[in-house]
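Written out below as structure tokens is the structure these notes cover.
Number of protein chains: 2
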Amino acid sequence: MDYLEERLPQNSAPEAGLSGSQSVDRALGLLSLIGREPAEGMPLGEIVSGSGLNKPTTRRLLLALMRAGLVEQEPQTRRYCLGEEAFVLGVLAARRHGLIELAMDGLRRLSTETQDTSFLTVRRENYAICLHREEGTYPVRTHALQAGDQHPLGVGAGSLAMLAALPDDDVDRVITANEAALLARYPGFAPDALRADVGATRERGFSLNPGRLVASSWGIGRAFRYPDGRVAGALSIAAIDSRMTPARQAELAVPLAREAERMETLLAEMFVSKRVARPIMTAASRSIETGRAIR
Amino acid sequence: MDYLEERLPQNSAPEAGLSGSQSVDRALGLLSLIGREPAEGMPLGEIVSGSGLNKPTTRRLLLALMRAGLVEQEPQTRRYCLGEEAFVLGVLAARRHGLIELAMDGLRRLSTETQDTSFLTVRRENYAICLHREEGTYPVRTHALQAGDQHPLGVGAGSLAMLAALPDDDVDRVITANEAALLARYPGFAPDALRADVGATRERGFSLNPGRLVASSWGIGRAFRYPDGRVAGALSIAAIDSRMTPARQAELAVPLAREAERMETLLAEMFVSKRVARPIMTAASRSIETGRAIR
DNA sequence: GAATAAGGTCCACATCATGGACTATCTGGA
DNA sequence: TCCAGATAGTCCATGATGTGGACCTTATTC
Chain A
1 MDYLEERLPQ NSAPEAGLSG SQSVDRALGL LSLIGREPAE GMPLGEIVSG
51 SGLNKPTTRR LLLALMRAGL VEQEPQTRRY CLGEEAFVLG VLAARRHGLI
101 ELAMDGLRRL STETQDTSFL TVRRENYAIC LHREEGTYPV RTHALQAGDQ
151 HPLGVGAGSL AMLAALPDDD VDRVITANEA ALLARYPGFA PDALRADVGA
201 TRERGFSLNP GRLVASSWGI GRAFRYPDGR VAGALSIAAI DSRMTPARQA
251 ELAVPLAREA ERMETLLAEM FVSKRVARPI MTAASRSIET GRAIR
Chain B
1001 MDYLEERLPQ NSAPEAGLSG SQSVDRALGL LSLIGREPAE GMPLGEIVSG
1051 SGLNKPTTRR LLLALMRAGL VEQEPQTRRY CLGEEAFVLG VLAARRHGLI
1101 ELAMDGLRRL STETQDTSFL TVRRENYAIC LHREEGTYPV RTHALQAGDQ
1151 HPLGVGAGSL AMLAALPDDD VDRVITANEA ALLARYPGFA PDALRADVGA
1201 TRERGFSLNP GRLVASSWGI GRAFRYPDGR VAGALSIAAI DSRMTPARQA
1251 ELAVPLAREA ERMETLLAEM FVSKRVARPI MTAASRSIET GRAIR
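Listed below in structure tokens is the structure:
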């Protein structure tokens, strides 16, 4: 009955507030779960175990999501994946949350100037998700990071830049929440190593991923903030190791910092002109400890 | 109790299949309703009347959507609008439904070659929604259509191109479903006028909007299909009337047709290589007559 | 400062979501 | 060809969950 019981100690929190919409929460949790998985979709069994719900309930909720077009099921594989409506909804939401649009010019400038591939990354709970990848012209390119990919906060250049931009206690909370995932799936990103990386990033002024995720695929990153101080996202540049010597790092850090600052200016303008205040409840303000949007 | 009772005769359909997830359906209906509205968001009262639900239920479902980050509420105005998570979800869904990515090159070519603004539009039930707008270089530009805008199928160049690409009985169903909205909010797009436009479009090979929506803002469009024959979307070009003489229409129709055909080729490749078959249930396969995703 | 309207919450009731048990379908091995 | 095992999907009695009338709270108007 307790959701995600295989992850959370049965009574960790005394189930603070009964939501009054259990099934909706569960359905939206499934949506997030399916989105998390790479694009080919998930089989029912995996969704069942991943969500902690039982099969009939899961299926029923999936049918509701399918009715709304947010989820689709492939006839061949019977796998469930995000639907067309989710895509359309994203376009609609982009009118308010158009970080990509805001960042596109900057990313293009970065990739043109440096010839390397640049990225826009945002935070999503304890994870970082790559929103856009702008190809560089240099013929040897790393494809370690695609739009839509997600890794624990701290894994990867942009991701680490955002982690380092958080206050200390948030850094601890995030690393603790991700500890299991880090140890299991990210060798080379032990919790202590991450803590050291955070320190180094703050001193240096930009983050550095020296090929830890994919060998020879290096990257540097820099976070930018909303006017109210919250971390909004990060810009990063990736290249093969031979194009990431300490000298070139310093060189690349200049346009990177320039574009990150420009992003902050753009955000500030947006918030002032549209009088868009900080939303009452956003993904970022939800409990950080659950580690998932579910429940 | 009957959802949307102010629109549907109380017992029009004997409530075909009880879903088994009433609240989820309702919540997702709200999501769609909020997405439909232009970006500043909707006040609670409007959501209540627009959905046909009562206030406590609406509010409770909104809270669930807010917990998931799909909806946000502005503290000042207390209006509800799409949240950051909806935007992120769209990016995730784009890995499968990346029509925009697929179309970007074509749109850039169109805008560069013609100097005018070009658009990607898709169908969403009885409506057409603009997914992307690629600016042209010509100094006088029409801003009649922005990304995220939606109009009844048939209203606007791309929209009309898609309507004309449907089989006759679908055309009738769509126009009938939109009749009230057309008469109320789209003077110049009377149902009969639309039917005539469909015929003209089919004969001509491309659709034409002679400034019907916004005076002097003309456009031509052409639909493209998935390999299985379903309409996938439409490309269109907009310009001021003086740049849309019959001669120039014919001239523009050439690159427009070329790019639409290219889209069909790209889609065919995608479907073959990824073996992505037609989903069991998509937005497009849902009942066409309700006119809304809700219930 | 009273009146109006809109946003938001409470809680008893009964409707709707739940999940154990079942069936159908697919896959691979002998 | 048939069986074993695994995965997908459905049924339906039960009671937990979502519902909505009534009420409270906060802004705005005159």
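Heads up: the protein sequence lines correspond to chains A and B, in order.
Each step along the first sequence adds one to the number in the working numbering, with nothing skipped, and position 291 is 291.
Each step along the second sequence adds one to the number in the working numbering, with nothing skipped, and position 174 is 1174.
A virtual CB, placed ideally from N, CA and C, is assigned to each residue, including glycine.
Since the structure is predicted, the reported quantities are computational estimates derived from the model, not experimental observations.
A Cβ-Cβ separation of about 5 Å places L70 (chain A) in contact with A86 (chain A) under the 8 Å criterion.
Annotated three-state conformation of L1213 (chain B) is coil, per DSSP. In terms of Cβ geometry, S111 (chain A) and T137 (chain A) form a close pair [threshold 9 Å]. A Cβ-Cβ distance of about 5 Å is found for the pair V1231 (chain B) and A1165 (chain B), placing them in contact under the 8 Å criterion.
Excluding sequence positions up to five before and after L1102 (chain B), its CB lies within less than 8 Å of the CB of M1263, L1266, L1267 and M1270, all in the same chain and listed in chain order. Along the stretch 1195-1224 of chain B, none of the residues has a CB nearer than 8 Å to a CB of chain A. Between the alpha carbons of R1059 (chain B) and G1045 (chain B) lies a gap of roughly 10 Å.
When secondary structure is reduced to three states using DSSP, H1143 (chain B) falls in the coil class, being assigned neither helix nor strand. Contact between L33 (chain A) and S51 (chain A) is confirmed by a C-beta separation of about 6 Å, below the 8 Å threshold.
The Cβ-Cβ distance between G1219 (chain B) and L1153 (chain B) does not fall below 9 Å. Not a single C-beta of chain B is nearer than 9 Å to the C-beta of D105 (chain A).
Under the Cβ distance rule, A1147 (chain B) counts among the residues neighbouring chain A, one pair being separated by less than 9 Å.
With its beta carbon at least 9 Å from every one in chain A, S1049 (chain B) lies outside the interface. For the pair R1248 (chain B) and F1206 (chain B), the Cα-to-Cα distance works out to about 13 Å. At the C-beta level, L194 (chain A) and L163 (chain A) come within 9 Å of one another.
With a threshold of 16 other beta carbon atoms within 10 Å, L1235 (chain B) meets it and is buried. Look at T265 (chain A) here: in three-state DSSP terms it is helix. Taken in chain order, the complete beta strand (DSSP E) segments of 3 or more residues contained in the stretch 54-92 of chain A are 71-73 and 80-82.
When 7 Å is used as the limit between beta carbons, H97 (chain A) is near these residues of chain B: E1084 and F1087, in chain order. Note that the C-beta distance between S19 (chain A) and L1063 (chain B) is below 9 Å. Contact check for E1113 (chain B) against P1210 (chain B) fails: the beta carbons are separated by 9 Å or more.
For P191 (chain A), the enclosing alpha helix (DSSP H) stretches over residues P191 to R204. In the structure shown, T1245 (chain B) falls within a coil segment according to DSSP collapsed to helix, strand and coil. Residue burial is scored here from C-beta neighbours: H1097 (chain B) has at least 16 other C-beta atoms within 10 angstroms and is therefore classed as buried. Burial of N1126 (chain B) is indicated by the presence of at least 16 other C-beta atoms within 10 angstroms of its C-beta. At a beta-carbon threshold of 7 Å, none of the residues of chain A lie near V1174 (chain B); the nearest stands roughly 17 Å away. Around S1242 (chain B), no beta-carbon contact reaches into chain A at under 8 Å, the shortest distance being about 30 Å.
When Cβ-Cβ separations below 9 Å define contact, D192 (chain A) makes no contact with chain B.
T1121 (chain B) sits buried, since 16 or more C-beta atoms from the chains shown fall within 10 Å of its C-beta. Around the beta-carbon of D197 (chain A), 16 or more other beta-carbon atoms lie within 10 Å, marking it buried. The beta carbon of E1040 (chain B) is closer than 8 Å to those of T1077, R1079 and C1081 in its chain, skipping five residues each way along the sequence.
Judged by DSSP in its simplified three-state form, P1227 (chain B) adopts coil rather than helix or strand. Your pair G1199 (chain B) and A1157 (chain B) does not check out as a contact, with CB atoms roughly 16 Å apart and the cut at 8 Å. Rounded to the nearest whole angstrom, the C-alpha separation of E179 (chain A) and P191 (chain A) is 6 Å.
Taking the Cβ atoms as the reference, A239 (chain A) lies roughly 7 Å from T142 (chain A), within the contact range of under 8 Å. Per DSSP, reduced to three states, the secondary structure at S23 (chain A) is helical.
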